[in-house]
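Asker: For the sequence shown, the positions run 25 to 389 when our numbering is used. Pasting a structure below so you can have a look.
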Amino acid sequence: MTLFLNNQIISTAPARICLFGDHQDYLQLPIIACAIDRYIRIKAKPNDNRTLHIFKHDLNQEDVIQLNEPVKIIKEDYLRLSLIVLARYNCIPNQGYDVHISGNIPINSGLSSSSALTVAWVQFLIEAFGINEAVSPMFVARLAYEIEVIEQNTSGGKMDQYSISLGHKIFMNTKTDAIHNFTNILEGMVVGDSGEGKDTLGTLSHLKGDAWKAINQVKAKYLDFDITTMNIADLEKFMPIVNEALQPIFEAAVLNYSITKNAEKALLETYIDYSLIGDLMNQHHALLRDNLLITTPKIDAMINAALKAGAYGAKIVGSGKGGCIVALSPKAKEEAIIYAIKNAGAKDAFLVKESEGAHILSQIK
Numbered sequence: 025m026t027l028f029l030n031n032q033i034i035s036t037a038p039a040r041i042c043l044f045g046d047h048q049d050y051l052q053l054p055i056i057a058c059a060i061d062r063y064i065r066i067k068a069k070p071n072d073n074r075t076l077h078i079f080k081h082d083l084n085q086e087d088v089i090q091l092n093e094p095v096k097i098i099k100e101d102y103l104r105l106s107l108i109v110l111a112r113y114n115c116i117p118n119q120g121y122d123v124h125i126s127g128n129i130p131i132n133s134g135l136s137s138s139s140a141l142t143v144a145w146v147q148f149l150i151e152a153f154g155i156n157e158a159v160s161p162m163f164v165a166r167l168a169y170e171i172e173v174i175e176q177n178t179s180g181g182k183m184d185q186y187s188i189s190l191g192h193k194i195f196m197n198t199k200t201d202a203i204h205n206f207t208n209i210l211e212g213m214v215v216g217d218s219g220e221g222k223d224t225l226g227t228l229s230h231l232k233g234d235a236w237k238a239i240n241q242v243k244a245k246y247l248d249f250d251i252t253t254m255n256i257a258d259l260e261k262f263m264p265i266v267n268e269a270l271q272p273i274f275e276a277a278v279l280n281y282s283i284t285k286n287a288e289k290a291l292l293e294t295y296i297d298y299s300l301i302g303d304l305m306n307q308h309h310a311l312l313r314d315n316l317l318i319t320t321p322k323i324d325a326m327i328n329a330a331l332k333a334g335a336y337g338a339k340i341v342g343s344g345k346g347g348c349i350v351a352l353s354p355k356a357k358e359e360a361i362i363y364a365i366k367n368a369g370a371k372d373a374f375l376v377k378e379s380e381g382a383h384i385l386s387q388i389k
């Protein structure tokens, strides 16, 4: 159901945390991600001037897209790229709107603010102008992935768009797009924002390229090699085949797959073993820090402070080289962990909860 307040459309999409599988989805390996209660919100009201007049309140920016002119392709301008992609599905704007964009997701922080905006924007366009397809969260996710990754041939994976569209915790096989949900609720997630910006596409491109080089070196000798079916005990057999500089990246891909599968099994249990999940987060982070080298001194200090304050586990979130961490906290220690993360130099730290996925609001919130 759509909310029209004086013909206003409101579209909202959550941030997401990658719990397990950072730097795995571009290798077609599984991830576990969780939508959280930080949001991008789009409020759009019809105008009479054949433009999409966009107000980006958090950035103090304005933009105008003329509907009577061809859309100009601008790198990483996902609002315009959305118009190009959705036109192929016969979603074509025929009415101007004043569009107000705001949110409380830290920008360029690893919580996927850009994908949340893309998903919310796609929802708005479909709601306003229709589309020649059956609309579902999976379909919206696929469109957002097509816009952000396929259209510009970038290095990203599918985790962000699907976890934001579907909501709550998901396990996704990024090779087949098979997804299942977890029925239990993960509590005690504390996010720490380092305030350090990051080069998402640069980091992803570099590590993706090196990871595939390493995998292909093994495949050149063992044609049927597959990380998803290999025995961890065989890692020592495969490592000498890989160039020495790529061995840490190859090891991380193999071990992080195993960690993610163990986390899936743990999260499918009726009751969550927080100590186990925390330990798996720590193992995952150690590989991201020591093998992929995507942490910073501030991120490391925030992680160490959270663990010292009593967190079950903590890890960097997203592409790395800045951004956010997530710590899993006992209920009685949430405030102490928030304080410790801030005291270690974080720009901010806050408790988050699981969220439903992106949607058109049915009531004012």
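A virtual CB, placed ideally from N, CA and C, is assigned to each residue, including glycine.
Specify the secondary structure class of Leu76 as computed by DSSP and reduced to three states.
Answerer: The residue labelled residue 76 in the question sits at position 52 within the sequence shown. The answer is strand: DSSP assigns Leu76 an E or B state.
Asker: Using beta-carbon positions only, say whether Cys58 and Leu210 come within less than 8 Å of one another.
Answerer: Counting from 1 along the sequence shown, the entry for residue 58 is found at position 34. Counting from 1 along the sequence shown, the entry for residue 210 is found at position 186. Yes, these two residues count as a Cβ contact at 8 Å.
Asker: Got a sec, what are the start and stop residues for the alpha helix (DSSP H) His309 sits in?
Answerer: Numbered from 1 along the sequence shown, position 285 holds the residue referred to as residue 309. It spans Tyr298 to Asp314 - the alpha helix (DSSP H) in which His309 sits, taken as one unbroken run.
Asker: Determine contact between the segment 139–153 and the segment 339–355, defined as no fewer than three beta-carbon pairs at a distance below 8 Å.
Answerer: No, because fewer than three Cβ pairs between the segment 139–153 and the segment 339–355 fall closer than 8 Å, the two stretches do not touch.
Asker: Could I get the ranges of all uninterrupted beta strand (DSSP E) runs contained in the segment 211–279, with 3 residues as the minimum, in chain order?
Answerer: The qualifying runs are 213–217.
Asker: If you measure between the beta carbons of Leu43 and Ile251, is that distance less than 8 Å?
Answerer: The residue given as residue 43 occupies position 19 in the sequence shown. The residue given as residue 251 occupies position 227 in the sequence shown. No. Outside cutoff.
Asker: Nearest-angstrom Cα distance between Arg74 and His81?
Answerer: Position 50 of the sequence shown, counting from 1, holds the residue named residue 74. Position 57 of the sequence shown, counting from 1, holds the residue named residue 81. Between Arg74 and His81, the C-alpha separation is close to 21 Å.
Asker: Residue range of the alpha helix (DSSP H) that Ile365 falls in?
Answerer: What you label residue 365 is simply residue 341 of the sequence shown in a count that begins at 1. Per DSSP, Ile365 belongs to the alpha helix (DSSP H) from Glu358 to Asn367.
Asker: Are there 16 or more other CB atoms within 10 angstroms of the CB of Met25, so buried, or fewer, so exposed?
Answerer: Taking the first residue of the sequence shown as 1, we reach residue 25 at position 1. Only weak support is given to the placement of Met25: the predicted model assigns it a pLDDT of 30, under 50, and the question is left unresolved by the model.
Asker: Taking 8 Å as the threshold (C-beta atoms), are Ala333 and Ala364 in contact?
Answerer: Within the sequence shown, the letter at position 340 stands for residue 364. Within the sequence shown, the letter at position 309 stands for residue 333. Yes, Cβ-Cβ distance for Ala364 and Ala333 is below 8 Å.
Asker: Taking contact to mean at least 3 C-beta pairs separated by less than 8 Å, is the segment 186–204 in contact with the segment 215–222?
Answerer: Counting Cβ pairs under 8 Å, fewer than three are found: no touch.
Asker: Per DSSP, what are the beta-bridge partners of Arg62 in this structure?
Answerer: Looking up residue 62 in the sequence shown gives position 38. BP columns for Arg62 are empty, so no partner.
Asker: In whole angstroms, give me the CA-to-CA distance for Asn31 and Lys69.
Answerer: Numbered from its first residue, the sequence shown carries residue 31 at position 7. Numbered from its first residue, the sequence shown carries residue 69 at position 45. One C-alpha to the other measures close to 6 Å.
Asker: What residues in its chain sit with their C-beta under 6 Å from that of His77, if we drop five residues either side in the sequence?
Answerer: On the sequence shown, residue 77 is found 53 positions in, with the first residue counted as 1. Once the five neighbours on either side are set aside, the close Cβ partners of His77 are Val88 and Asp122.
Asker: What number of angstroms, rounded off, separates the C-alpha of His124 from the C-alpha of Thr253?
Answerer: The residue labelled residue 124 in the question sits at position 100 within the sequence shown. The residue labelled residue 253 in the question sits at position 229 within the sequence shown. Approximately 48 Å between the Cα atoms of the pair.
Asker: If we call anything under 8 Å between Cβ atoms a contact, is Asn114 one with Ile66?
Answerer: Here residue 114 corresponds to residue number 90 of the sequence shown, with the count starting at 1. Here residue 66 corresponds to residue number 42 of the sequence shown, with the count starting at 1. No, Cβ-Cβ distance for Asn114 and Ile66 is not below 8 Å.
Asker: To the nearest angstrom, report how far apart Ala111 and Ser35 are at their CA atoms.
Answerer: In the sequence shown, the residue the question calls residue 111 occupies position 87. In the sequence shown, the residue the question calls residue 35 occupies position 11. Answer to the nearest angstrom: the Cα atoms are 20 Å apart.
Asker: Which ranges would you report for the beta strand (DSSP E) in the segment 109–149 if only whole runs of at least 3 residues count?
Answerer: Qualifying beta strand (DSSP E) stretches, in chain order: 121–127.
Asker: For Ile273, which residues from the same chain have a beta carbon less than 6 Å from its beta carbon, with the 5 sequence-adjacent residues on both sides left out?
Answerer: By one-based count along the sequence shown, residue 273 stands at place 249. Closer than 6 Å at the Cβ level, and outside the excluded window around Ile273, lie Asp234, Ala235 and Ala238.
Asker: Is the CB-CB distance between Gly45 and Ser343 below 8 Å?
Answerer: For the purposes of this step, residue 45 is taken as residue 21 along the sequence shown, with counting starting at 1. For the purposes of this step, residue 343 is taken as residue 319 along the sequence shown, with counting starting at 1. No, Cβ-Cβ distance for Gly45 and Ser343 is not below 8 Å.
Asker: On the DSSP letters alone, give me the boundaries of the alpha helix (DSSP H) that Asn328 sits inside.
Answerer: The residue given as residue 328 occupies position 304 in the sequence shown. Pro321 to Lys332 is the span of the alpha helix (DSSP H), which, as asked, contains Asn328.
Asker: Helix, strand or coil: which one does DSSP assign to Ile34?
Answerer: In the sequence shown, the residue the question calls residue 34 occupies position 10. Correct three-state label for Ile34: strand.
Asker: Whose C-beta lies closer than 7 Å to the C-beta of Leu311 among residues of the same chain, with five residues either side of it excluded?
Answerer: As a first step, residue 311 is located in the sequence shown; it is residue number 287 there, counting from the start. Once the five neighbours on either side are set aside, the close Cβ partners of Leu311 are Ala276, Leu279 and Asn280.
Asker: Could you tell me which residues DSSP pairs with Gly337 in its beta bridges?
Answerer: For the purposes of this step, residue 337 is taken as residue 313 along the sequence shown, with counting starting at 1. Beta-bridge pairing links Gly337 to Leu352.
Asker: What's the gap between the Cα of Gly180 and the Cα of Ile174?
Answerer: Residue 180 sits at position 156 when you count from the first residue of the sequence shown. Residue 174 sits at position 150 when you count from the first residue of the sequence shown. Approximately 9 Å between the Cα atoms of the pair.
Asker: Starting from Gln85, follow the beta strand (DSSP E) in both directions and report where the run begins and ends.
Answerer: For the purposes of this step, residue 85 is taken as residue 61 along the sequence shown, with counting starting at 1. Here the beta strand (DSSP E) through Gln85 covers Gln85 to Gln90.
Asker: Tell me, which residues are paired with Val376 by DSSP?
Answerer: Here residue 376 refers to the residue found at position 352 of the sequence shown. DSSP, once it has assigned bridges, lists Met213 as partnering Val376.
Asker: Answer yes or no: do Ile188 and Pro321 have a C-beta to C-beta separation smaller than 8 Å?
Answerer: On the sequence shown, residue 188 is found 164 positions in, with the first residue counted as 1. On the sequence shown, residue 321 is found 297 positions in, with the first residue counted as 1. Going by C-beta atoms, Ile188 is not nearer than 8 Å to Pro321.
Asker: By the three-class DSSP mapping on this structure, what secondary structure does Leu43 have?
Answerer: On the sequence shown, residue 43 is found 19 positions in, with the first residue counted as 1. Reduced to three states, the DSSP call for Leu43 is strand.
Asker: Whole angstroms is fine: what's the gap from Val376's alpha carbon to Glu93's?
Answerer: On the sequence shown, position 352 is the one that residue 376 refers to. On the sequence shown, position 69 is the one that residue 93 refers to. Whole-angstrom Cα-Cα distance: 42 Å.
Asker: Exposed or buried, what is Gln90 when buried is set at 16 or more other beta-carbons lying within 10 Å of its beta-carbon?
Answerer: Taking the first residue of the sequence shown as position 1, residue 90 is located at position 66. So Gln90 counts as exposed.
Asker: Determine whether the beta carbon atoms of Ser139 and Ile131 lie at a separation below 8 Å.
Answerer: For the purposes of this step, residue 139 is identified with residue 115 of the sequence shown, where counting begins at 1. For the purposes of this step, residue 131 is identified with residue 107 of the sequence shown, where counting begins at 1. No.
Asker: Taking the alpha carbon of Ala356 as the point to measure from, which residue in Thr294, Ile60, Ala335 and Asn205 has its own alpha carbon closest?
Answerer: As a working note, residue 356 is residue 332 in the sequence shown. Closest by alpha carbon: Ala335.
Asker: Note down the Cα distance separating Ile323 from Gly346, rounded to an integer number of angstroms.
Answerer: Taking the sequence shown and counting its residues from 1, the one referred to as residue 323 is at position 299. Taking the sequence shown and counting its residues from 1, the one referred to as residue 346 is at position 322. So the two alpha carbons sit approximately 7 Å from each other.
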